[in-house]
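When the count follows numbering that gives the first Met the number 0, it moves up by one through the sequence shown with no breaks and lands on 426 for the last residue.
Backbone N, C-alpha and C define an ideal beta-carbon position, used for all residues, glycine too.
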Amino acid sequence: MAQVERCLARIAARDGALNACTRILEDRALEAARRVDAGVAGGADPGPLAGVPFGAKDLFDIAGLPTTAGAAMRLAAPPAALDAEAIRRLEAAGAILVATCNMDALAYGFVTVNAHHGTTRNPHDLARLAGGSSGGSAAGVAGGLFPLALGSDTNGSIRIPAALCGVYGLKPTHGALPMAGVFPFVDSFDDIGPFAGTCADLALAWQVLAGLPTGGVGAARELRVGRLTGYFARGLDRELAAGIDRVCAELGPVRAIDLPEVARARSAAYLMTAAEGAAAHLADLRRDPLAFDPAVRDRLLAGALLPHALYVEATRLRELFRRTVLAVFDEVDVLIAPSAPGVAPLVDEPMIELDGVMVPARANLGLFTQPLSFIGLPVVAVPLARPGRLPLGLQLVGPPGGEAACFALAARLEACGLTGASPPPGW
């Protein structure tokens with residue numbers, strides 16, 4: 000009970016500045032805490048996450064509440080009859096849901112700038128964006144509101160805010176974690192995953208969500224590691240490039256790998272996202288287009304106008320690109336890549352520098368994440384250890400089903416001090 004009460008007090012004290020939460024579930028959380036305490040007092044096993052408070056992105060079903068997916072047009076939606084399966088699994092392990100978290104409307108964005116709920120701020124610098132679309136979940140963990148949160152990732156919506164806020168995040172193998180009760184965006188790419196402040200906490204949450212035995216993730220000493228170069232070195236912040244160099248030096252021989260056709264793969268991911276997203280919302284777009292968040296509506300309308308032949312061509316390219324990348328895993332076990340090109344952009348100037356040109360953050364923060372989720376690969380997002388400085392993040396990428404190897408490498412890098420979450424100044 001005391002842990003949940005402290006968590007609720009932190010949210011009350013800090014979230015006015017962050018705007019990470021959309022609904023505080025105080026009554027539900029306190030009742031759940033009483034049940035956990037009663038179970039412990041009665042000698043029951045409370046579970047591996049006993050009493051751990053967590054937040055959930057505002058697209059997970061919560062019994063008795065409308066699932067808004069961050070959209071004002073869904074505030075009056077019928078309440079969910081059941082909790083999402085991911086929430087049920089965490090709570091079965093003893094965790095306690097305390098809040099829903101801000102997001103880009105309908106999960107279509109990389110910045111968590113929401114027309115109804117407002118902008119989520121980065122705990123490391125309130126003048127900067129938290130990233131998105133799971134920005135509220137990442138900022139909530141980074142700002143110490145709760146130690147664990149659920150997000151979703153279609154084109155980078157866990158990995159980008161994890162990098163910009165300096166926390167750990169998981170984008171699993173496509174389809175590996177339960178999607179029941181999660182508001183859909185793009186079925187071809189949608190996945191859920193957790194955020195946490197340490198590698199061990201993230202791995203534990205993954206094991207619980209996946210229905211796996213809980214415990215350590217094994218050693219990384221024998222892993223074959225590759226570094227994605229070429230496209231994945233484009234426009235990198237110099238400190239991020241240097242950080243990747245240090246990581247590779249620590250790991251010994253690291254193979255440089257320059258994948259072909261990455262830019263085309265990202266373009267195909269953009270096209271499939273627009274087409275599938277538009278198809279999912281086509282009835283509402285026809286009935287009441289002005290009800291949509293303006294930043295989302297225009298992209299959905301553009302997606303609705305795409306010829307089906309282009310979508311088919313994009314899916315063919317995906318299969319070709321998938322085969323090319325999977326062949327790389329015959330030679331390496333884990334690939335290292337940047338998560339975002341640099342530090343979090345400013346709220347009032349949401350731009351990033353790419354090849355010497357300033358470009359919109361909303362459209363380009365997924366530069367390095369989209370080509371990987373495009374083919375369903377698992378990724379553990381890890382923050383470089385940067386106490387007192389703005390966060391930068393890496394992707395540790397595995398073959399389908401390769402989460403354990405990614406976690407093992409993440410644990411090794413954290414143990415040697417090259418990666419790890421740093422608390423925001425003053426928080």
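Excluding five sequence neighbours on each side, which residues of the same chain lie with their C-beta closer than 8 Å to the C-beta of residue i?
i    : result
D347 : A126
A31  : V3, E90, I95 and L96
L24  : I61, L96, V97, A98 and T99
L281 : A303
Here's the rule: buried if 16 or more other CB atoms are within 10 angstroms of the residue's CB, otherwise exposed. What is residue i?
i    : result
D297 : exposed
R226 : buried
R315 : exposed
R411 : buried
A129 : buried
G134 : buried
G387 : exposed
A175 : buried
V311 : exposed
V324 : buried
A404 : buried
Looking at residue j and residue i, is the spacing between their C-beta atoms short of 7 Å?
i    : j    : result
A380 : R245 : no
V333 : V224 : yes
G108 : A420 : no
F320 : E260 : yes
P122 : A137 : no
G139 : G54  : yes
C6   : P47  : no
L353 : G234 : yes
D190 : P177 : no
V181 : G93  : no
P382 : G397 : no
R265 : P337 : no
N154 : G365 : yes
D101 : A19  : Note on identity: in this sequence residue 101 is Asn, with Asp being the wrong assignment. Yes, they are a contact pair.
V110 : R361 : yes
Secondary structure at residue i, three-state DSSP: helix, strand or coil?
i    : result
D26  : helix
P288 : helix
N113 : strand
I10  : helix
Y107 : coil
A330 : Here the sequence assigns Glu to residue 330, which means Ala is not the residue at that position. Of the three classes helix, strand and coil, the one that applies to E330 here is coil, per DSSP.
P65  : strand
M357 : strand
P293 : helix
C405 : helix
Of all the options the options, which has the alpha carbon lying nearest to the alpha carbon of residue i?
i    : options                   : result
R254 : I335, D124, P146 and T21  : I335
I86  : S187, L149, L211 and G69  : L149
A179 : D82, G50 and P45          : D82
V378 : A267, G400 and L391       : G400
E402 : P349, V207, L393 and L376 : L376
P344 : V331, V358 and P337       : V358
V185 : L201, S156 and L203       : S156
L299 : A11, P212, V327 and Y269  : Y269
Beta-carbon within less than 7 Å of residue i's beta-carbon, same chain only, minus the 5 sequence neighbours each way: which residues are those?
i    : result
A384 : G416, L417, T418, G419 and S421
F17  : According to the sequence displayed, residue 17 carries Leu and not Phe. Here the set comprises T119, R120, P122, A138 and G142.
H115 : A71
A209 : A175 and L176
A80  : A62
Going by beta carbon distance, what residues of the same chain come within less than 6 Å of residue i, once the five residues before and after it are set aside?
i    : result
A70  : A104 and L105
W205 : L169
G229 : D257
M72  : A290
P78  : G63, L64 and P65
Return yes when the C-beta of residue i is under 6 Å from any heavy atom of the ligand NAP, and no when it is not.
i   : result
P65 : Ligands displayed in this structure: none; no statement on the ligand NAP is therefore possible.
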